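Take a look at the structure set out below.
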Ligand code: ZN
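Here it is as structure tokens:
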């Protein structure tokens, strides 16, 4: 396969702190020989494991970008053993636009793996992570939150994997992150995910959902900062004491955990995030915006558990994920 068009002046094998860019040539009307410049920090200190830390895989999720900017500005080489690669704004064009997907090509980076070196800009970014950055990593932490259309209880997550030793490494790193909640996650759509790409390469992988609604809060930024540091300590990269915190474990036994809207309309949430629900209990109602005097459609839970996510905007469309329920394990 051809080389990536992305270049960098970073020397991934050098010790010390380097701040630079991944430079993706992007010729366009307002810059004939222009480029997308994706900031990157690499901190190295001798032999040891490599952590790859990423935010803004989706451009409207801000805990990862903030926590990783702060880490990149403060992490010293003397504090670590091995290497830390920090990319706070993976899909930089999407971040700058405040959108989930790239305004250039509509690309949803987290559905485009393994990407293509000769594809769209978003496919080229995916390809660079797939063939250049992921192979360098031992542990990968990708920080998501709900973006403009979803809200989550703050959790770190790992997946059930065929390789049980790898699964155990991922679960241990998820617990080390010490978010208020930990989730053994059943993906609705695993094809093309960065998660799937990292796991297929045998990496220890942790993802998160730390809030949502297209904004952020001191609490969720703090959870991201603490979690990243705790994983680096857990992997023996950062020499420090982990910050302990209680985490409650949830599982997702099957697709009864996902509730989808089958109507368009006004959404009335009936259960708070993090609250317990029983099968049959109404989680939300959808009201017609076309006429008054008709009953709303009620959406009951189909499994006992805890409300871990819900649709954020006041309007909902048929097909939207309305709510997600996790089951305490
Ligand atoms: Zn995301």
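Residue numbers (the numbering used here): 402 to 730.
Glycine included, C-beta positions come from ideal geometry on N, C-alpha and C.
Remember, predicted model here, so these are calculated numbers, not experimental data.
Check	Outcome
Rounded Cβ spacing between residue 669 and residue 686 (contact assumed at less than 8 angstroms)	4 angstroms
Heavy atom of the ligand ZN within 7 angstroms of residue 493 beta-carbon	no
Residue 719 beta carbon less than 8 angstroms from that of residue 665	yes
Any non-hydrogen atom of the ligand ZN closer than 7 angstroms to residue 548 Cβ	yes
Neighbourhood of residue 459 by C-beta, 6 angstroms cutoff - its chain only, sequence neighbours within 5 removed	501, 548
Counted within 10 angstroms of its Cβ, other Cβ atoms place residue 555 as buried (16 or more) or exposed	buried
Cβ neighbours of residue 522 in the same chain (closer than 8 angstroms, five flanking residues each side left out)	425, 427, 437, 494, 503, 505, 506, 508
Close beta carbons around residue 490, own chain, < 7 angstroms, minus the five adjacent residues each side	439, 440, 456, 457, 466, 496
Where residue 582 falls, given that 16 or more other Cβ within 10 Å makes a residue buried	buried
Buried or exposed (CB count within 10 angstroms, at least 16 for buried), residue 405	buried
Segments of 3+ residues assigned as beta strand (DSSP E) that fall wholly inside the stretch 553 to 626	556 to 560, 582 to 586, 605 to 610
Per DSSP, cross-strand counterpart(s) of residue 718	BP columns for residue 718 are empty, so no partner.
Among 595, 691, 671, 558, nearest to residue 632 - alpha-carbon criterion	558
CB-CB length for residue 621 against residue 464, believed under 8 angstroms	5 angstroms
Delimiting residues of the beta strand (DSSP E) encompassing residue 543	540 to 545
Residue 629 (DSSP reduced to helix, strand or coil)	helix
Distance between residue 432 and residue 560 (C-alpha atoms, nearest Å)	42 angstroms
Where residue 708 falls, given that 16 or more other Cβ within 10 Å makes a residue buried	buried
4 or more residues per run - each alpha helix (DSSP H) lying fully within the stretch 448 to 490	464 to 475
Residue from 589, 651, 605 whose Cα sits closest to the Cα of residue 541	605
Spatial distance of residue 445 from residue 676 (CA atoms)	43 angstroms
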